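Residue numbers (our numbering): 639 to 990. The beta-carbon is built from N, C-alpha and C at its ideal position, and this holds for glycine as well. All of these numbers come straight from a predicted model, not from anything done at the bench. What follows is a short report on a single structure.
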Ligand code: IPM
Ligand code: MN
């Protein structure tokens, strides 16, 4: 198969972790006789520095004309600490999600048997956790009208959802539930928020289209608690943009490191694959960041993006071997020898 992949390394540790995902993908392509063309493009602070725009039109063209997008991370502290900055790296990511129509962010949370003791949570609580969030990605408070009033002393961010936005996300949730344990949890705050009531109403209306799926409706605050208390209570969870952002960071603790969890952002056209972690600026350039979340995002790209199951599995198997053999970066090494980002990438590529 000929695969054309847009490569958006972004900021901070983005370039380092992306480099490993490229090595690993090339190794898989070689093994299974595929031909990958990588097209790098600028995004985030790197793009602001180069051309003054965190998501330049050329980058959009590269993404829109590719079979998939592999994305690193975005964000730079020099913008975080400047509330008056007019352009921010994150705007690039949000514009990209919107422009590419990536309305569903699939974020699985699972445990690795060899890492079960690395989680701060008790082993018996988290063993066998296998759940997946479907986070709405192009609506809600992230994209509502925002601004200042009262000479800048009052600020607002509107949270807006249309029924259609809820429906298309929930549809993916129901379909995913059908392919798994047929349990779906709709996470909202319907006791307070009108948008949440629309979510709940819409999902309730859809229940009769999927009679086999058992749907539960839970408030986001309760889910935040139960998620770390009994994660195996959940299978597929659907939720709006901000709740999903927060809960998926929380859920990453179950697996033991933020550096492990991949994600896929999907819509009607091209899909994008990215680790759920951020740009981790403190580690940038040090060759210490865990590349596995990005490598596993590449596995998702082969599996769900290209429908190449064996290729994705080959990557997962290599990752499991590296974990079992202790070929890990410092976030997971705990006293024993820590491997560098590139050493882990080289090891995985060789192993494949
Ligand atoms: C994520 C990130 C982004 C988000 C930031 C960088 C804008 O935290 O992908 O979860 O909030 O969506
Ligand atoms: Mn986030």
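Between residue i and the rest of its own chain, which residues show a CB-CB distance below 7 Å, the 5 nearest in sequence each way excluded?
{"i": "residue 979", "result": "654, 655, 658, 925, 926, 927, 929 and 967"}
{"i": "residue 801", "result": "836 and 840"}
{"i": "residue 782", "result": "795, 796, 797 and 798"}
{"i": "residue 961", "result": "750, 752 and 753"}
{"i": "residue 821", "result": "815, 852, 873 and 874"}
{"i": "residue 870", "result": "766 and 767"}
Just the Cα atoms here: how many angstroms apart are residue i and residue j?
{"i": "residue 788", "j": "residue 721", "result": "17 Å"}
{"i": "residue 709", "j": "residue 868", "result": "31 Å"}
{"i": "residue 684", "j": "residue 649", "result": "6 Å"}
{"i": "residue 752", "j": "residue 682", "result": "35 Å"}
{"i": "residue 777", "j": "residue 973", "result": "43 Å"}
{"i": "residue 963", "j": "residue 952", "result": "16 Å"}
{"i": "residue 959", "j": "residue 977", "result": "14 Å"}
{"i": "residue 775", "j": "residue 943", "result": "18 Å"}
{"i": "residue 697", "j": "residue 850", "result": "42 Å"}
{"i": "residue 662", "j": "residue 790", "result": "49 Å"}
{"i": "residue 1016", "j": "residue 699", "result": "No statement about residue 1016 is possible, as the shown extent of the chain runs from 639 to 990 and does not include it."}
{"i": "residue 844", "j": "residue 909", "result": "25 Å"}
{"i": "residue 893", "j": "residue 719", "result": "30 Å"}
{"i": "residue 640", "j": "residue 786", "result": "49 Å"}
{"i": "residue 936", "j": "residue 645", "result": "11 Å"}
{"i": "residue 672", "j": "residue 829", "result": "51 Å"}
{"i": "residue 803", "j": "residue 705", "result": "24 Å"}
{"i": "residue 990", "j": "residue 674", "result": "16 Å"}
{"i": "residue 793", "j": "residue 780", "result": "14 Å"}
{"i": "residue 983", "j": "residue 738", "result": "29 Å"}
{"i": "residue 642", "j": "residue 933", "result": "17 Å"}
{"i": "residue 702", "j": "residue 734", "result": "10 Å"}
{"i": "residue 854", "j": "residue 686", "result": "43 Å"}
{"i": "residue 764", "j": "residue 898", "result": "15 Å"}
Here's a check: name, in chain order, each residue in its chain whose Cβ is nearer than 6 Å to the Cβ of residue i, leaving out the five neighbours to either side.
{"i": "residue 819", "result": "873"}
{"i": "residue 947", "result": "941"}
{"i": "residue 949", "result": "666, 670 and 940"}
{"i": "residue 833", "result": "797 and 799"}
{"i": "residue 858", "result": "825, 827 and 881"}
{"i": "residue 688", "result": "680"}
{"i": "residue 731", "result": "712"}
{"i": "residue 647", "result": "653, 656 and 710"}
Taking 8 Å as the limit between beta carbons, can you name the residues of its chain near residue i, skipping five residues before and five after?
{"i": "residue 847", "result": "812"}
{"i": "residue 770", "result": "744, 745, 746, 747, 814, 818, 873, 874 and 875"}
{"i": "residue 714", "result": "649, 650, 682, 683, 727, 917 and 919"}
{"i": "residue 887", "result": "896 and 914"}
{"i": "residue 921", "result": "650, 651 and 927"}
{"i": "residue 923", "result": "654"}
{"i": "residue 809", "result": "844"}
{"i": "residue 806", "result": "741 and 742"}
Quick check on the DSSP output: the beta strand (DSSP E) that includes residue i runs from which residue to which?
{"i": "residue 794", "result": "792-795"}
{"i": "residue 825", "result": "821-826"}
{"i": "residue 901", "result": "900-904"}
{"i": "residue 855", "result": "852-857"}
{"i": "residue 947", "result": "Note, residue 947: premise wrong, no beta strand (DSSP E); alpha helix (DSSP H) at 947-962."}
{"i": "residue 642", "result": "640-648"}
{"i": "residue 983", "result": "Where residue 983 is concerned, there is no enclosing beta strand (DSSP E), although the alpha helix (DSSP H) it sits in stretches over 979-989."}
What residue range is occupied by the uninterrupted alpha helix (DSSP H) comprising residue i?
{"i": "residue 741", "result": "Counting along the chain, residue 741 falls outside any alpha helix (DSSP H), and DSSP gives it neither H nor E."}
{"i": "residue 653", "result": "652-670"}
{"i": "residue 940", "result": "No alpha helix (DSSP H) contains residue 940, which DSSP labels as neither H nor E."}
{"i": "residue 806", "result": "801-817"}
{"i": "residue 715", "result": "715-718"}
{"i": "residue 699", "result": "695-702"}
**Prompt:** Can you find at least 3 beta carbon pairs, one from the region 686-697 and one from the region 949-968, that sit closer than 8 Å?
**Reply:** no
- prompt: Within the chosen definition, does the region 893-906 reach the region 736-749 through at least 3 CB pairs nearer than 8 Å?
  reply: yes
Inset, instruction - Let me have the residue list for the ligand IPM: C-beta closer than 5 Å to any non-hydrogen atom, ordered along the chain. - result: 728 and 883
- Report yes or no: do three or more beta-carbon pairs, one from the region 758-766 and one from the region 722-736, lie closer than 8 Å? no
Notebook entry, point to check: For the region 856-865 against the region 913-925, are there 3 or more C-beta pairs whose distance is under 8 Å?
Noted result: no
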